[in-house]
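Here it is, written out as structure tokens:
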């Protein structure tokens, strides 16, 4: 029973870490990345669809994203959604493909992005601590029900804390890498 709960905690924290990493990837750095378009949707045959499911997206150069829709009639829709997005990149439509030239970031924008990345990391850490709290509450309930002893409770809480520390450290490492990537000129 105890092992199942610990395993569940590890799984939930892994999912939270994955979610935080995914959010990091959607934050623009000075480089072109297909992940920048993950949160941009279009109306594709009456269905809200991510651009990556309606077009072929490539990165031919470090600062260029090329979007080639499967159906050319969606060029205008894709261009409109890119313009409305908060990417801060103006699309260029040549009638066949859309080009996104990723401009280099100025110092002020870099610092804003670092703040945003730190907030995303902190949200991830809060999620980890919430998972730890829920798991510890579960162990306390088991102890009060007589399913585990006081010593088992303390041991389980230590184990949960060690897992939490491990995943928080992984977030810190990802944060440092993303900060470095953003501040790189």
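Numbering (our numbering), first residue to last: 320 to 504. Note that beta-carbon positions come from the ideal geometry of N, C-alpha and C, so glycine has one too. A quick note: this is a predicted structure, and the numbers were derived from the prediction, not measured.
Subject >> Three-state secondary structure assigned by DSSP to residue 374 >> reply: strand
Original post:
Mind checking whether residue 410 and residue 419 have CB atoms under 8 Å apart?
Top reply: yes
Original post:
Going by alpha carbons, who is nearest to residue 392 out of 378, 405, 417, 385?
Top reply: Measuring from the Cα of residue 392, the nearest candidate turns out to be 417.
Original post:
Taking Cβ to Cβ, would you say residue 447 is nearer than 8 Å to residue 335?
Top reply: yes
**OP:** Using alpha carbons as the reference points, say which of 404, 397, 406, 469 lies closest to residue 413.
**Re:** 397
**OP:** Taking residue 483 as the reference, give the member of 375, 332, 355, 428 with the closest Cα.
**Re:** 332
**OP:** May I have the straight-line CA-CA distance separating residue 375 from residue 339, to the nearest angstrom?
**Re:** 26 Å
Original post:
Which stretch, first to last residue, makes up the beta strand (DSSP E) that contains residue 420?
Top reply: 417 to 420
Original post:
By DSSP, does residue 340 sit in helix, in strand, or in coil?
Top reply: helix
Subject >> CA nearest to the CA of residue 455, picked from 439, 436, 478 >> reply: 478
Original post:
Distance, Cα to Cα, residue 438 vs residue 343?
Top reply: 10 Å
**OP:** Write down every uninterrupted run of the beta strand (DSSP E) in the stretch 408 to 459 whose length is 3 residues or greater and which is fully enclosed by it, in chain order.
**Re:** 410 to 412, 417 to 420
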